[in-house]
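These notes are about the structure you will find just below.
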Amino acid sequence: VQLQASGGGLVQAGGSLRLSCAASGSIRSINSMAWHRQAPGKERDEVARITEGGAVNYADSVKGRFTISTDNAKRTVHLQMNDLEAEDTAVYYCSADVTTRVSRRGFWGQGTLVTVSS
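Residues 21 to 138 (our numbering) make up the sequence shown, in order.
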């Protein structure tokens, strides 16, 4: 299973970015997908999660500004980030809780850098 993330970049404070992460490989089902971020010198924190059933959860710091969604038979997860703040600067990672033919486990995508200039 591979997760390919895209969409990071440089944006001014108050601007928007849309991250995408596509899952591929021997997938029987995706139980949930999530976005996480890690700022320099800080731990990796979960930002948003969406379950197979469509339930969503957000970190308090991004509620009302970020929206997580899925498409392509729920194998692509997006993170629409609006009203970005300098504090949102981080490397963003996607993850997926996947059931394959032989197991259920988590997978990570490569990080994509988001830089918000103030």
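Cβ atoms here follow ideal geometry from the backbone N, Cα and C, with glycine treated the same way.
So what does DSSP say about residue i, is it helix, strand or coil?
i	result
D91	strand
D103	coil
V82	helix
S138	coil
For residue i, tell me which candidate among the options has the shortest Cα-Cα distance.
i	options	result
V111	D117, L99, G131	G131
S81	A116, A106, I70	A106
A79	T90, V67, S89	V67
S26	W55, S49, I47	W55
L23	E63, S40, N102, R124	S40
W128	R85, M53, D103, K62	M53
R121	S46, S115, T96, N77	S46
Among the residues of its own chain, which have a CB less than 6 angstroms from the CB of residue i, if the five just before and after it don't count?
i	result
T87	Q100
D108	V136
G28	T132, L133, V134
R85	N102, D103
T71	S52
S89	H98
Counting along the chain, where does the beta strand (DSSP E) carrying residue i start and finish?
i	result
D117	110-119
V31	29-32
S44	37-44
R124	124-128
Give a yes or no on whether the minimum CB-CB distance between residue i and chain B is below 8 angstroms.
i	result
R38	This model lacks chain B altogether; it includes just one protein chain.
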